[in-house]
């Protein structure tokens, strides 16, 4: 019984973090039609940002890190990505891969490759039955769930979200209706970057911080986006829960290496069976009219 | 003064020149029908006027202002609205959302959600249905309604009857006639010459990127348009 509560709590913790990353990845794929290989490295930036500001109170460092994410995202979109939109899927893939390498090497240069760590701002434990669980994880998981709920309300219940969904559905038609693609691209990438950075900042106290920490998050987040309905922003969140559920299940009965192998085997299998899932093909008026 | 003046407009798709030195005007309150075969450049011309396609050369004057370099999203506010070929609704969104999103950046004016629904009453029971689930006629009504929500001075309509059942075409054209009656300015692309002549005040025929015939609708016969449509005059010149 107690082990099941433990597994459940771990599952909620892991899926909340993954859901936030998957949401940000899905946002970028939906609007910019780019698979951002650097999404995991943006989490790494968030973790190092918290490490760099470890002298500050956590609740001051966290919003500052979010602002760092917004600025970084805006700079990357305006400075790098907008030059490769027209160059095809492979070019955008390579560009974000390159951004990831630069971020990793930058972190290694500034902070060295030795592992860093920060203390969680909440050190207490909560007791549920006879299970003892770190209070920080419980609070962060709850916080992320609230944040995702707010984000999804923003997307599906506000006029801002309406314009965003229109742009995701058909960027050219949205432009004809007054929605600037450039502005939307920059805004979406800045927001999605900041959310990935925030996710990294939140998990920072629970992990060993190193320049390649983001890599282990990218594949499951990508999997979560891939199995969701194209263009849907609730999809990646549910996808993350499904991926984490599968992983938790595998992990319960198998050792972690075998579990990971099977999970990524499933991902590879899914790509083979449903390759069109990756590109989320955008049918533009241009293609069909010409 | 004319509302829209297109001067020596060139538009290309890569190396293919779709619109070649096209010049014409549309006066306020007028309905100009643009007819021509597939690939004549009608859709590209409309998209270029709406700002969705970047012109290669020439000028587009709207309301006396040169809008050639104005990007699509900003051109909306000058008062140009496009109902694109194939409708291009936001299929995952409801009818209501499709209409409201168009109102967000449009101009204010007589067209609101209520007045659009009065003009297209068939949409009322469908308001909360996803656009992708509608019938072709309902989708076309939504597409026209969406353009009207921006309160345009000029409405660009691209093949509004394409792929619709005859009864739906009838309904769409009845709504168009009602719009024309209240003074809307319309540039209409239509394959069906009879339909085009029925609503238009003027007719222009495109062939291979050029306008080869432009006349008042009342002065032109169906045969003249048909000849121009298929490029028969030119073919005769070449063979004789």
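Residue numbers (this note's numbering), protein chains in the order written: chain A, 1 to 290; chain B, 1 to 240.
Even glycine gets a Cβ: it sits at the ideal position worked out from N, Cα and C.
If I'm right that residue i touches residue j with Cβ under 8 Å, what's the distance once you round it to whole angstroms?
i	j	result
residue 169 of chain A	residue 93 of chain B	7 Å
residue 17 of chain A	residue 202 of chain A	7 Å
residue 99 of chain A	residue 80 of chain A	6 Å
residue 14 of chain A	residue 244 of chain A	5 Å
residue 95 of chain A	residue 84 of chain A	5 Å
residue 24 of chain B	residue 211 of chain B	6 Å
residue 15 of chain B	residue 55 of chain B	Going by Cβ atoms, the distance from residue 15 of chain B to residue 55 of chain B rounds to 16 Å, so no, they are not a contact pair.
residue 28 of chain A	residue 240 of chain A	Actually they are not in contact, since the Cβ atoms of residue 28 of chain A and residue 240 of chain A sit about 15 Å apart, beyond 8 Å.
residue 41 of chain A	residue 104 of chain A	6 Å
residue 59 of chain A	residue 185 of chain A	Between residue 185 of chain A and residue 59 of chain A the Cβ distance is about 31 Å, and since that is not below 8 Å, they are no contact.
residue 51 of chain B	residue 75 of chain B	4 Å
residue 31 of chain B	residue 180 of chain B	5 Å
residue 73 of chain A	residue 194 of chain A	6 Å
residue 39 of chain A	residue 218 of chain A	6 Å
residue 160 of chain B	residue 172 of chain B	5 Å
residue 136 of chain B	residue 91 of chain B	Residue 136 of chain B to residue 91 of chain B, Cβ: 13 Å. No contact.
State the start and end residues of the unbroken beta strand (DSSP E) segment that holds residue i.
i	result
residue 21 of chain B	16-27
residue 215 of chain B	210-216
residue 206 of chain B	202-207
residue 10 of chain B	2-13
residue 236 of chain A	Element bounds for residue 236 of chain A: not the beta strand (DSSP E) but the alpha helix (DSSP H), 234-253.
residue 81 of chain B	80-83
residue 87 of chain B	Run containing residue 87 of chain B: none; DSSP gives neither H nor E here.
residue 274 of chain B	Residue 274 of chain B cannot be examined here, being either before or after the span of chain B that is shown, 1 to 240.
residue 127 of chain A	125-128
residue 7 of chain A	Element bounds for residue 7 of chain A: not the beta strand (DSSP E) but the alpha helix (DSSP H), 2-32.
residue 142 of chain B	Taken as a continuous stretch (DSSP letters only), residue 142 of chain B belongs to no beta strand (DSSP E), being part of the alpha helix (DSSP H) at 136-148.
residue 134 of chain A	131-134
residue 156 of chain B	154-158
residue 189 of chain B	185-189
Determine, using beta carbons only, whether residue i and residue j come nearer to each other than 7 Å.
i	j	result
residue 186 of chain B	residue 148 of chain B	no
residue 221 of chain A	residue 25 of chain A	yes
residue 43 of chain B	residue 89 of chain B	no
residue 231 of chain A	residue 44 of chain A	no
residue 98 of chain B	residue 59 of chain B	no
residue 158 of chain B	residue 85 of chain B	yes
residue 150 of chain B	residue 102 of chain B	yes
residue 5 of chain B	residue 48 of chain B	no
residue 26 of chain B	residue 3 of chain B	yes
residue 223 of chain A	residue 269 of chain A	no
residue 41 of chain B	residue 209 of chain B	yes
residue 20 of chain A	residue 190 of chain A	no
residue 2 of chain A	residue 132 of chain A	no
residue 229 of chain B	residue 180 of chain A	no
residue 96 of chain B	residue 127 of chain B	yes
residue 51 of chain A	residue 145 of chain A	no
residue 196 of chain B	residue 35 of chain B	yes
residue 237 of chain A	residue 23 of chain A	yes
residue 245 of chain B	residue 28 of chain B	In the structure as shown, chain B begins at 1 and stops at 240. Residue 245 of chain B is therefore absent and cannot be evaluated.
At a CB-CB cut-off below 7 Å, which residues of chain B make contact with residue i?
i	result
residue 86 of chain A	The premise fails here: residue 86 of chain A is roughly 12 Å from chain B at the closest Cβ pair, so nothing lies under 7 Å.
Given that residue i touches chain A, what residues does it touch there, using C-beta distances under 9 Å?
i	result
residue 77 of chain B	178
residue 97 of chain B	162, 165 and 166
residue 73 of chain B	174, 175, 176, 177, 178, 179, 180, 181, 182 and 183
Find the residues of chain B that neighbour residue i, judging by a C-beta separation of less than 8 Å, and give them in chain order.
i	result
residue 231 of chain A	92
List the residues of chain A that residue i touches, going by C-beta distances under 8 Å, in chain order.
i	result
residue 150 of chain B	177 and 178
residue 34 of chain B	Under the 8 Å cutoff, chain A gives no residues; its nearest Cβ is about 14 Å from residue 34 of chain B.
residue 82 of chain B	176
For the alpha helix (DSSP H) that residue i lies in, which residues bound it at each end?
i	result
residue 63 of chain A	58-79
residue 67 of chain B	Counting along the chain, residue 67 of chain B falls outside any alpha helix (DSSP H), and DSSP gives it neither H nor E.
residue 226 of chain B	222-230
residue 195 of chain A	181-203
residue 258 of chain A	256-273
residue 44 of chain B	42-50
residue 168 of chain A	159-169
residue 118 of chain B	113-119
residue 41 of chain A	39-52
residue 105 of chain A	89-111
residue 195 of chain B	193-199
*For the segment 101-114 of chain B, which residues have a beta carbon sitting closer than 8 Å to at least one beta carbon of chain A?*
Taken in chain order, the members of the segment 101-114 of chain B whose beta-carbon sits within less than 8 Å of a beta-carbon on chain A are 101, 102, 104, 105 and 106.
*asked:* Using a Cβ-Cβ cutoff of 7 Å, what residues of the segment 153-178 of chain A are near chain B? List them in chain order.
replied: Flagged, chain order: 159, 162, 163, 165, 166, 169, 170, 172, 173, 175, 176, 177 and 178.
*With 9 Å as the C-beta to C-beta threshold (strictly closer), list the residues of the segment 44-71 of chain B near chain A in chain order.*
In summary, the residues of the segment 44-71 of chain B whose CB is separated from some CB of chain A by less than 9 Å are 44, 47, 50, 51, 52, 53 and 71, in the order they occur in the chain.
*asked:* So if I threshold CB-CB distances at 7 Å, which residues from the segment 9-20 of chain B count as touching chain A?
replied: Within the segment 9-20 of chain B, the residues whose Cβ lies closer than 7 Å to some Cβ of chain A are 13, listed in chain order.
*Determine which residues of the segment 206-227 of chain B have a Cβ less than 8 Å from any Cβ of chain A, and write them out in chain order.*
Hits within the stretch: zero.
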